[in-house]
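Asker: Remember, this note's numbering sits 1 above the position in the sequence shown when you count from 1.
Encoded as structure tokens, here's the structure I'll be asking about.
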Amino acid sequence: MKNDAQALKGHLDVLLLAALEGEPRHGYAVKEALREGSGDRFDLPTGTVYPALHRLEAAGLIAGDWSTVDGRRRRSYRLTAAGRRRLHAERGNWHEFAAAITALLEAKPWPATT
């Protein structure tokens with residue numbers, strides 16, 4: 002799954018929100034949090050992560066602030082109240098979805114249809 006942004010299609014936004022839940026992070030740290038948190042399974046290109054962060058910021062789900070570290074400017078992002086609400090709702094949706102998929106994949110045998 003390494004470098005496979007397609008595997009996360011439809012889930013990237015909520016994963017980025019989750020990566021920002023604990024503390025503000027700059028863009029590269031968000032990318033690394035996803036990589037490390039997934040056991041190196043999701044090592045996404047910066048060209049995938051940064052546009053998504055900008056989209057979330059435009060939607061008001063995260064807010065960014067500029068800072069200078071070691072003479073270099075970088076933007077750090079944090080969840081907004083709306084972002085926290087969205088993350089909470091999406092987590093609930095994910096648990097329901099995952100439970101339904103698990104039930105189907107573990108069903109042995111599948112029920113007969115008439």
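Glycine is no exception: its CB is placed at the ideal position from the N, C-alpha and C atoms.
Being a predicted model, the structure only gives us computed values, none of them experimental.
#1: With DSSP as the reference, identify every bridge partner of V70, one or two as the case may be.
#2: Taking 8 Å as the threshold (C-beta atoms), are E22 and L88 in contact?
#3: Does A60 come out as helix, strand or coil in the three-state DSSP assignment?
#4: Just the Cα atoms here: how many angstroms apart are L35 and A53?
#5: Is the Cβ of A34 closer than 8 Å to any Cβ of chain B?
#6: Is the beta carbon of V15 less than 8 Å from the beta carbon of E91?
#7: Would you identify the three-state DSSP class for R87, choosing helix, strand or coil?
Answerer: Judging by the given coordinates:
#1: Within the sequence shown, numbered from 1, the residue matching residue 70 stands at position 69. According to DSSP, V70 bridges with R73.
#2: The sequence position of residue 88 within the sequence shown is 87, counting from 1. The sequence position of residue 22 within the sequence shown is 21, counting from 1. Between L88 and E22, the gap from beta carbon to beta carbon is short of 8 Å.
#3: Taking the first residue of the sequence shown as position 1, residue 60 is located at position 59. Coil at A60, not helix or strand.
#4: As a position in the sequence shown, residue 35 is number 34, starting the count at 1. As a position in the sequence shown, residue 53 is number 52, starting the count at 1. Whole-angstrom Cα-Cα distance: 13 Å.
#5: Annotation note: the requested chain B is absent from the structure, which comprises a single protein chain.
#6: The residue labelled residue 15 in the question sits at position 14 within the sequence shown. The residue labelled residue 91 in the question sits at position 90 within the sequence shown. Yes. Within cutoff.
#7: The residue you call residue 87 lines up with position 86 of the sequence shown. It is helical.
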